[in-house]
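Chemist:
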Amino acid sequence: MSRRQRCWTDSESPALRPAARAAAQPKDYLTGLEADKIRDAETPSERIKLFVRFADDRLKKIQYELGRTTPDRHRTDRINDLLNAYVGCMDDAGELIELGVEKQQDISSGIKELESKGKEFLAYLQKLATSGETDVSAFKDNLDDAIEGTQDTLH
1 MSRRQRCWTD SESPALRPAA RAAAQPKDYL TGLEADKIRD AETPSERIKL FVRFADDRLK
61 KIQYELGRTT PDRHRTDRIN DLLNAYVGCM DDAGELIELG VEKQQDISSG IKELESKGKE
121 FLAYLQKLAT SGETDVSAFK DNLDDAIEGT QDTLH
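Here the sequence shown stands for residues 1 to 155, where the numbers follow the working numbering.
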């Protein structure tokens, strides 16, 4: 009786299955619909643009939270969560750019989108940091991380 050898692909290897499952799990800062859009995007450039769009959405939600006049004890928590989500989106966009450059893929339209919107994002975040907003101190660490992350992604 002959023995058949099994040739494993990376995703099938028993040793790598947990890693493959972890990579397939959605990011905790993306909604299910957003994760589907990222997964369905055909090119790295499209994925970069999506992450930029999602980061923009998080900043708009922060603006909304800051503009609300009704007192809310969970406001700071929501702003901190939104800042963390923003940083995640920008980090992922930056990682896709690095990967695209490494693989010599055409990501020029994604880079252009990131550069133009990223400058706007950075200006808004820096303005917020110096605005004198009453509870900036409650989310200052995450705001500083967002500014630093945006600067890193743009360079």
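Beta carbons are placed, not taken as given, at the ideal position from N, Cα and C, and that holds for glycine.
Quantities reported herein were computed from a predicted structural model and do not represent experimental measurements.
Could you tell me which of 49, 115, 141, 124 sits nearest to residue 155, measuring between CA atoms?
Modeler: Closest option to residue 155, Cα to Cα, is 115.
Chemist: Spell out a yes or no on whether the region 133–144 and the region 104–111 are touching, meaning 3 or more CB-CB pairs, one atom from each, closer than 8 Å.
Modeler: The region 133–144, when compared against the region 104–111, does not touch it at the 8 Å Cβ threshold.
Chemist: Please state if the CB of residue 48 and the CB of residue 85 are separated by a distance shorter than 7 Å.
Modeler: Going by C-beta atoms, residue 85 is not nearer than 7 Å to residue 48.
Chemist: Short check: CB of residue 83 to CB of residue 61, under 7 Å?
Modeler: Against a cut-off of 7 Å, the Cβ pair of residue 61 and residue 83 comes out as no contact.
Chemist: So the alpha helix (DSSP H) residue 126 belongs to, where does it begin and stop?
Modeler: Segment 108–129, the alpha helix (DSSP H) holding residue 126.
Chemist: Closest to residue 54 by CA distance: which of 36, 75, 42, 71 is it?
Modeler: Cα-wise, what sits closest to residue 54 is 36.
Chemist: Find out if the Cβ-Cβ distance for the pair residue 149, residue 52 is shorter than 7 Å.
Modeler: No, the pair does not count as a contact, with Cβ atoms beyond the cut-off.
Chemist: Buried or exposed: residue 128, going by 16 or more other Cβ atoms within 10 Å of its Cβ?
Modeler: Label assigned to residue 128: buried.
Chemist: Got a sec, what are the start and stop residues for the alpha helix (DSSP H) residue 105 sits in?
Modeler: It is not in any alpha helix (DSSP H) - residue 105 carries neither H nor E in the DSSP assignment.
Chemist: Can residue 80 and residue 121 be called in contact, C-beta distance under 7 Å?
Modeler: Going by C-beta atoms, residue 80 is not nearer than 7 Å to residue 121.
Chemist: Output the boundary residues of the alpha helix (DSSP H) element that contains residue 44.
Modeler: Residue 44 -> alpha helix (DSSP H) spans 44–67.
Chemist: Can you tell me whether residue 67 is buried or exposed, with buried defined as 16 or more other CB within 10 angstroms of its CB?
Modeler: Result: exposed.
Chemist: What is the rounded straight-line gap between the Cα of residue 63 and the Cα of residue 75?
Modeler: Near 12 Å, if we compare the C-alpha coordinates of residue 75 and residue 63.
Chemist: Work out the CA separation of residue 130 and residue 147 for me, nearest whole Å.
Modeler: Roughly 12 Å separates the two Cα atoms.
Chemist: Output the distance between the C-alpha atoms of residue 65 and residue 118, rounded to the nearest integer angstrom.
Modeler: Roughly 21 Å separates the two Cα atoms.
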